[in-house]
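Chemist: Chains as they are written, first to last, in my numbering: chain G, 1 to 529; chain A, 1 to 529.
Beta carbons are placed, not taken as given, at the ideal position from N, Cα and C, and that holds for glycine.
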């Protein structure tokens with residue numbers, strides 16, 4: 001329905017345009033023009049990277065000491081004012097003690113209309129809901145996991161949320177789609193010059209890669225640490241040469257919540273079956289061979305797949321070139337056992353991961369720039385042999401949803417999910433249904449990943465290969481694996497659960513989903529209750 | 001003489017302006033407007049960092065393989081054409097086999113008017129003189145050590161050379177003063193994606209920091225290696241995400257010339273005395289204490305000073321926080337012995353330095369960005385407690401020259417020299433005369449470093465402290481060291497050698513000397529013969 005007009009953030013009215021995926025998306029979001037999704041690899045940027053202001057050493061202390069008395073002091077010096085874009089990062093996950101403080105201070109100072117640009121938000125950030133209500137924060141650009149997503153889905157956020165993948169977030173910063181006024185980077189260890197690392201200190205989280213782009217491109221950068229060391233803080237995952245102010249606090253994170261404890265192997269028989277089928281599929285497809293690479297997620301099923309890989313590799317005498325992690329005790333063990341040359345780590349999930357990164361030069365910290373930025377001269381997501389990812393819904397054309405549930409609520413971020421779809425083989429190991437709701441649907445509630453990039457669906461009742469992947473279909477044809485069409489899987493689920501009612505929405509757009517190139521692939525609407 | 005006009009590269013006529021150091025400099029160089037030097041810390045940039053074009057992964061191979069058939073092939077694909085700015089780097093010093101090839105190819109293709117933008121040039125690049133003569137290369141922006149400097153000093157280069165410090169080179173790239181069309185980076189080890197490292201491989205040189213800015217900001221980046229490894233090349237000192245093409249060759253450097261062999265402790269009694277006096281001065285001034293830092297040069301005198309420091313530190317039971325290097329076997333030994341926590345290394349000078357950097361996480365590779373960029377939010381040069389530097393001439397106001405000899409010939413680059421002047425204490429340990437030519441003069445031939453940044457001159461016949469450094473003068477007043485005024489030292493030299501004749505110049509400007517902030521501090525003129 002081109003020619004449709006809709007409210008998209010504040011008073012702005014925006015024309016609705018059908019994008020290349022057939023989704024209706026607005027031409028403007030929060031008053032800014034956006035480009036509708038044009039297909040995988042179709043949108044070609046023609047601009048230049050964003051250029052932050054040129055600084056001068058003459059404006060910074062010769063002795064390198066950038067310590068400010070407090071976070072409030074630093075934010076005032078950084079010029080905090082109405083309408084600014086403020087970024088924070090999710091290295092501490094649900095144990096973050098810094099982001100909430102930033103907006104407590106903004107509230108105290110009477111600053112309004114801020115855009116919060118986190119690399120992800122967690123339930124601990126439900127603290128910010130009053131600020132979304134009173135206008136301290138206008139809207140969030142970033143994932144809204146749990147309570148913030150529910151708040152947005154109920155139509156209560158003043159602006160429209162913008163969700164990006166980790167790579168898309170770097171792209172947006174680099175290209176100047178989002179111009180960060182103040183980046184606040186919580187750092188487990190830092191020096192007074194602003195060099196910072198995540199691999200040591202009381203709030204050790206491993207790496208600070210999600211803040212790399214912010215440090216490079218933000219107008220002002222504030223480091224907050226509870227472990228100040230003399231210059232130089234080595235490794236300098238974040239370079240002090242990008243930093244304006246350093247703040248020392250007593251405690252910046254809750255260690256037991258930073259290390260999230262999601263790294264438990266699944267005990268569910270169905271999940272174990274899915275993991276086993278996934279691993280066997282990779283073996284049958286000839287993926288598990290010397291020098292291969294795989295991405296290991298941190299969820300229960302993904303972890304179990306890793307364990308199966310490990311067994312296979314030992315049996316075959318095969319060594320991986322690299323594991324793309326989410327590291328944890330299991331991947332670290334593989335590195336130390338010599339089952340892989342490298343871990344290329346985007347995010348450490350337990351203390352063994354942190355220790356290994358600190359001690360082992362072959363446990364490499366990566367960033368969304370190296371791993372995921374689609375507006376680079378390549379990135380390594382496309383070089384990974386196989387990735388396993390989750391999804392809330394998949395449709396008959398293999399399109400997938402990872403942000404909304406079938407009830408329409410926006411409850412998850414995109415994370416690196418969209419970026420990982422570019423791997424050589426993308427597998428979604430998912431249960432056929434959850435709480436008696438089938439996962440395979442006619443049309444996904446929210447389109448996050450185009451079906452052409454999703455190769456295989458593995459469920460407890462069979463494996464469906466994307467018909468576009470004729471080579472893959474041939475390779476496993478005689479494997480004895482339970483191969484089915486995606487239609488068969490869908491019918492099987494519906495024969496058990498019935499066909500669920502569709503979620504109901506109002507016309508109001510509450511969030512936009514960006515594709516890895518910054519175009520709008522879909523929108524999320526307010527849930528009708 | 002404002003109002004003077006002079007030819008400054010090609011046909012351009014330029015007004016001459018007296019800068020804050022009292023030197024006459026042109027308003028334009030090679031047809032581009034320049035800013036005259038305004039004093040230390042006085043020029044405040046108001047622009048934005050340069051934004052190279054936004055790339056898209058859609059234009060790069062999914063499997064990450066960017067191999068080109070040959071360097072010629074890569075240069076053609078990179079669009080090599082008349083007038084482009086081409087950068088190369090001096091990690092291989094006089095053993096470089098890559099830069100000359102680039103211009104052999106340009107000559108073969110009939111490309112004209114190139115600007116060569118090396119991080120430094122060496123005698124091996126005298127090979128390029130015919131290309132400077134026939135117009136393949138219009139001019140050089142970078143140091144012109146030895147034969148190329150002589151060629152320029154004789155007025156034979158078509159354009160005006162521009163000399164920058166290592167930090168100034170990064171600043172120029174970052175700020176867009178120099179826009180690199182094609183960066184050719186010779187890399188001792190690389191993968192086909194373009195990740196590259198200098199710390200291993202047949203042509204191992206340690207690090208690739210001088211090419212960092214080029215990789216970040218050049219339109220096209222070519223990696224040339226003789227040691228191709230499977231992805232990922234770890235460490236990735238240069239990120240493949242910035243790289244367009246990778247070329248594999250049989251041999252990119254001559255190992256025995258890469259590791260320059262300059263790391264011999266001086267045997268000259270005069271030089272040893274200068275080294276001893278310098279070390280004693282630092283002790284008397286209270287600089288050699290727990291947690292201090294020093295920069296260790298690679299020349300014979302500087303090395304000897306390092307040895308004296310080492311002895312003092314052992315005797316006093318003192319440990320340095322970091323050594324700023326130029327690493328070599330001596331600094332590595334200090335790190336391994338526990339006499340310093342870190343080596344912050346800008347350039348490795350022997351194979352022990354390379355080994356240490358490869359093996360020891362506390363031997364940190366740095367770049368002109370972290371160390372020297374004056375248009376950053378600070379850099380660590382100003383945090384070093386003491387640096388020792390050379391000079392060809394010093395005047396009575398402590399201004400120093402490091403690029404021309406007293407005969408007027410431009411024979412040296414600036415290197416990190418200007419950047420290091422920002423240390424807390426800058427000492428020039430220099431002989432009172434060389435070849436019977438006094439080093440202390442009324443006015444330096446070429447002004448490279450303002451006297452206000454130079455604290456101490458140490459000669460074999462006495463030590464002169466800059467009168468501006470009253471605190472320092474007090475500290476060593478009772479030390480028993482042979483303290484003199486710089487006038488006294490000058491007179492002493494002249495009483496031995498006489499007053500030498502001044503070099504004679506034509507009006508023609510053959511090179512400009514940039515200050516760390518991109519302003520023009522002085523020019524070099526053609527030598528009259």
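With distance defined between alpha-carbon atoms, name the residue in G/422, G/417 and G/454 nearest to residue 399 of chain G.
Modeler: Residue G/454 is the option with its Cα nearest to residue 399 of chain G.
Chemist: Specify whether the stretch 391-398 of chain A and the stretch 424-439 of chain A touch according to this definition: at least 3 beta carbon pairs, one from each stretch, less than 8 Å apart.
Modeler: Because the criterion of three Cβ pairs below 8 Å is met, the stretch 391-398 of chain A and the stretch 424-439 of chain A touch.
Chemist: Mind pulling the chain G residues with CB within less than 9 Å of residue 58 of chain A?
Modeler: Under the 9 Å cutoff, chain G gives 40, 41, 42, 43, 44, 374 and 517.
Chemist: Give the residues of chain A in contact with residue 54 of chain G, contact being defined as C-beta atoms less than 7 Å apart.
Modeler: Near residue 54 of chain G (Cβ distances below 7 Å), the residues of chain A are 45, 47, 48, 49, 175 and 375.
Chemist: Can the beta-carbon of residue 111 of chain G be found closer than 8 Å to that of residue 29 of chain G?
Modeler: Their beta carbons are not under 8 Å apart, which means residue 111 of chain G does not touch residue 29 of chain G by this criterion.
Chemist: Give the range of the alpha helix (DSSP H) segment to which residue 402 of chain A is assigned.
Modeler: Counting along the chain, residue 402 of chain A falls outside any alpha helix (DSSP H), and DSSP gives it neither H nor E.
Chemist: Put residue 426 of chain G into one of helix, strand or coil per three-state DSSP.
Modeler: Of the three classes helix, strand and coil, the one that applies to residue 426 of chain G here is strand, per DSSP.
Chemist: Measuring CB to CB, does residue 54 of chain G end up less than 8 Å from residue 45 of chain A?
Modeler: Yes.
Chemist: Pull out every residue of the stretch 212-237 of chain G whose Cβ sits closer than 8 Å to any Cβ of chain A, in chain order.
Modeler: From the stretch 212-237 of chain G, only 221, 230, 231, 232, 234, 235 and 236 have a Cβ closer than 8 Å to chain A.
Chemist: Does any CB atom of chain G fall closer than 8 Å to the CB of residue 3 of chain A?
Modeler: Reliability fails at residue 3 of chain A, whose pLDDT of 47 lies under 50, so the model's placement of it is uncertain and no value is given.
Chemist: Pull up the distance between the alpha-carbon of residue 462 of chain G and that of residue 481 of chain G, whole angstroms please.
Modeler: For residue 462 of chain G and residue 481 of chain G, the distance between alpha carbons rounds to 8 Å.
Chemist: Please list the terminal residues of the continuous alpha helix (DSSP H) segment that includes residue 72 of chain A.
Modeler: Unbroken alpha helix (DSSP H) run through residue 72 of chain A: 71-77.
Chemist: Is any beta-carbon of chain G found at less than 8 Å from that of residue 87 of chain A?
Modeler: No, its Cβ sits nowhere closer than 8 Å to a Cβ of chain G.
Chemist: Listing by chain order, which chain G residues have their CB less than 9 Å from the CB of residue 37 of chain A?
Modeler: Going along chain G, no residue has its Cβ under 9 Å from residue 37 of chain A, so there is no contact; the nearest lies around 14 Å.
Chemist: How many whole angstroms separate the CB atoms of residue 322 of chain G and residue 343 of chain G, which I take to be in contact at a CB cut-off of 8 Å?
Modeler: So it is a contact: roughly 7 Å between Cβ atoms.
Chemist: Does any CB atom of chain A fall closer than 8 Å to the CB of residue 512 of chain G?
Modeler: No, residue 512 of chain G lies away from the interface with chain A (no Cβ there is under 8 Å from its Cβ).
Chemist: Of the residues that make up the stretch 156-189 of chain G, which ones have a beta carbon closer than 7 Å to any beta carbon in chain A?
Modeler: Answer set for the stretch 156-189 of chain G: 175.
Chemist: So which residues of chain A does residue 196 of chain G contact, with C-beta pairs closer than 9 Å?
Modeler: None at all; the shortest Cβ gap to chain A is about 13 Å.
Chemist: Express the C-alpha separation of residue 15 of chain G and residue 27 of chain G in angstroms, rounding to a whole number.
Modeler: For residue 27 of chain G and residue 15 of chain G, the distance between alpha carbons rounds to 6 Å.
Chemist: Run the CB neighbour count on residue 256 of chain A, radius 10 Å, all protein chains shown included, and call it buried at 16 or more, exposed below.
Modeler: Looking at its Cβ environment, which holds fewer than 16 other Cβ atoms inside 10 Å, residue 256 of chain A is exposed.
Chemist: Hey, which unbroken runs of the alpha helix (DSSP H) at 4 residues or more fall wholly within the stretch 130-185 of chain G?
Modeler: Segments of the alpha helix (DSSP H) lying fully in the stretch 130-185 of chain G: 147-153 and 166-175.
Chemist: Of all the options A/519, A/120, A/387 and A/523, which has the alpha carbon lying nearest to the alpha carbon of residue 175 of chain A?
Modeler: When only C-alpha atoms are compared, the closest one is A/519.
Chemist: Using alpha carbons as the reference points, say which of A/113, A/117, A/403 and A/471 lies closest to residue 138 of chain A.
Modeler: Checking every option, the nearest Cα to that of residue 138 of chain A belongs to A/113.
Chemist: Are the CB atoms of residue 271 of chain G and residue 240 of chain G nearer to each other than 8 Å?
Modeler: No; because the gap between Cβ atoms is not below 8 Å, this pair is not in contact.
Chemist: Less than 8 Å separating the beta-carbons of residue 67 of chain G and residue 248 of chain G?
Modeler: Result yes, Cβ atoms of residue 67 of chain G and residue 248 of chain G sit closer than 8 Å.
Chemist: Helix, strand or coil, according to DSSP, for residue 414 of chain G in the structure here?
Modeler: Residue 414 of chain G: coil per DSSP, three-state reduction.
Chemist: Can you find a CB in chain G that lies within less than 8 Å of the CB of residue 382 of chain A?
Modeler: So, interface residue.
Chemist: Using the beta-carbon of each residue, which ones in chain A are nearer than 8 Å to residue 242 of chain G?
Modeler: Residues of chain A passing the Cβ test: 376 and 377.
Chemist: For chain G, is any of its Cβ atoms less than 8 Å away from the one on residue 335 of chain A?
Modeler: So no, residue 335 of chain A is outside the interface.
Chemist: Where does residue 512 of chain G sit, in a helix, a strand or coil, going by DSSP?
Modeler: Three-state DSSP puts residue 512 of chain G in a strand.
Chemist: Identify whether residue 194 of chain G lies in helix, strand or coil by the three-state DSSP scheme.
Modeler: In the structure shown, residue 194 of chain G sits in coil (DSSP, three-state: anything other than H, G, I, E or B).
Chemist: Could you confirm whether any beta carbon from chain A is found closer than 8 Å to the beta carbon of residue 348 of chain G?
Modeler: Answer no: the Cβ-Cβ gap between residue 348 of chain G and chain A never drops below 8 Å.
Chemist: From the DSSP secondary-structure annotation, give me the bridge partner or partners of residue 121 of chain A.
Modeler: Residue 121 of chain A pairs with nothing; no bridge assigned.
Chemist: Any C-beta of chain G sitting closer than 8 Å to the C-beta of residue 210 of chain A?
Modeler: Not closer than 8 Å to any Cβ of chain G, the Cβ of residue 210 of chain A fails to qualify, so no.
Chemist: Straight-line CA distance for residue 264 of chain G to residue 226 of chain G?
Modeler: The straight-line gap from Cα to Cα measures roughly 29 Å.
Chemist: My assumption, with CB atoms under 8 Å, is that residue 20 of chain A sits in contact with residue 39 of chain A. Please give the rounded CB distance.
Modeler: Correct: roughly 4 Å between the Cβ atoms.
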